[in-house]
Amino acid sequence: MRKLRSSMLFVVLLAFTMIVTACNGGNEQGSSGGEKEKVKSISILTGGTGGTYYPLGGAMASIIQEETGINANAQSSGASAENMNTLKQGEAEMAFAQTDIASYALNGELMFEGNKVENVQAIGTLYPETVQIVTTKDSGIESVEDLKGKTVSIGAPGSGVSANAQQILEIHGISLNDIKVQNLSFDESVDGIQSGSIDAAFVTAGTPTGAVEALAAQKEVKIVPISAEKVKQLIEKYPFYAEDTIPAGTYGIDSDVTTVAVKAMLVVRKDLDEETVYNITKAIFENTDKITHAKGKLIKAETALDGIGNIPLHPGAEKYFAEKGVK
């Protein structure tokens, strides 16, 4: 009898141990890169309220919530570089970034030297991020060379805009010592141009950009062109740039303006589970008609891998694009 009780107790304990081990095994998989815990809410880092990321992020948060049931909220931020660092710290799940900045972060280059970001992967690219050198018609600034000696906003320190500004100035033989540098947000920049406290500002964002539109309602805006020769030199040195054109009529300008662009993209922490990221990717790219911002028309699954470069796709996004036949 005693042996029978001992045997039964052993069987019960063995079964209990197997159940506990199975549960712990699942947790261990999550911590070692296997099955990961599904999230119930996500924060989407965008940019300043006067840029393009912020309204797009709000629209995408609504789409994600409606289509997946995940509680999503868009947060204003210092944009690309700050967003990558915030994801590195694990303080948000998803973010907008420029492709050039994401590349710097993953490779530990420029503003990320000694601070490589290794826990972020791509969802996909969205639309061209146009580099706009904004001033007014009465400023007397006709070319990039005319910025010498002027008070110019180049965006927040360490931002993607700042990197763009320095690279473009460099191609024109201008250093930051040749201008009076101001590190302002888009909204602060256009306020400064309107008040006369600054002469020009670099703005890297999808066109039309809300802050620049607000300026155009008050002043005659001029977008400083980058010559075809300088565009070619810039792309040769920094291949993540592409030639772009701001069409006549944008901000009331009289003619097309030649400039350059990088790509806006969505990135996500790689520790999010595959199913969650698959559902988020699918929700966004199959409901772009719900995005009222003009850039919504440019967001397509078919072009979402353009400009990704060496930035790895999250497995959830990779699964979605494979199903769509996008390569």
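Heads up, the sequence shown is in this note's numbering, so the first residue is 384 and it goes up one at a time.
Backbone N, C-alpha and C define an ideal beta-carbon position, used for all residues, glycine too.
Beta-carbon spacing of residue i, residue j below 7 Å
{"i": "Tyr437", "j": "Ser459", "result": "yes"}
{"i": "Thr451", "j": "Ala687", "result": "no"}
{"i": "Met467", "j": "Ala480", "result": "yes"}
{"i": "Ala583", "j": "Ile524", "result": "yes"}
{"i": "Ala647", "j": "Ala625", "result": "no"}
Residue i to residue j span [Cα, whole Å]
{"i": "Gly497", "j": "Ala600", "result": "43 Å"}
{"i": "Lys605", "j": "Val651", "result": "36 Å"}
{"i": "Lys615", "j": "Glu596", "result": "29 Å"}
{"i": "Lys653", "j": "Val500", "result": "11 Å"}
{"i": "Glu474", "j": "Asp637", "result": "44 Å"}
{"i": "Lys683", "j": "Thr518", "result": "32 Å"}
{"i": "Ile618", "j": "Glu553", "result": "13 Å"}
{"i": "Tyr703", "j": "Gly431", "result": "30 Å"}
{"i": "Ile427", "j": "Asn662", "result": "15 Å"}
{"i": "Glu603", "j": "Gly635", "result": "8 Å"}
{"i": "Glu657", "j": "Gln504", "result": "12 Å"}
{"i": "Ser435", "j": "Gly556", "result": "Note on residue identity: the sequence assigns Thr, not Ser, to residue 435. Their backbone Cα atoms lie some 30 Å apart in a straight line."}
{"i": "Glu492", "j": "Gly543", "result": "13 Å"}
Boundaries (first-last residue) of the alpha helix (DSSP H) holding residue i
{"i": "Ala705", "result": "Pro698 to Lys707"}
{"i": "Glu626", "result": "Where Glu626 is concerned, there is no enclosing alpha helix (DSSP H), although the beta strand (DSSP E) it sits in stretches over Ala625 to Ile629."}
{"i": "Ser426", "result": "Premise fails: Ser426 lies in the beta strand (DSSP E), Ser424 to Leu428, not in any alpha helix (DSSP H)."}
{"i": "Gln616", "result": "Ala611 to Lys620"}
Extent of the continuous beta strand (DSSP E) to which residue i belongs
{"i": "Asn454", "result": "Asn454 to Gln458"}
{"i": "Thr513", "result": "Val503 to Thr519"}
{"i": "Phe495", "result": "Counting along the chain, Phe495 falls outside any beta strand (DSSP E), and DSSP gives it neither H nor E."}
Neighbour-count burial assignment, residue i, 16 or more Cβ in a 10 Å radius
{"i": "Asp672", "result": "exposed"}
{"i": "Thr642", "result": "buried"}
{"i": "Asp521", "result": "exposed"}
{"i": "Gly690", "result": "buried"}
{"i": "Asn547", "result": "buried"}
{"i": "Lys678", "result": "buried"}
{"i": "Lys421", "result": "exposed"}
{"i": "Ser610", "result": "exposed"}
{"i": "Ile694", "result": "buried"}
{"i": "Thr590", "result": "buried"}
message: Contact between the segment 440-447 and the segment 570-583 is defined here as three or more beta-carbon pairs at a separation below 8 Å; is this criterion met?
response: Result no; under three Cβ-Cβ pairs closer than 8 Å.
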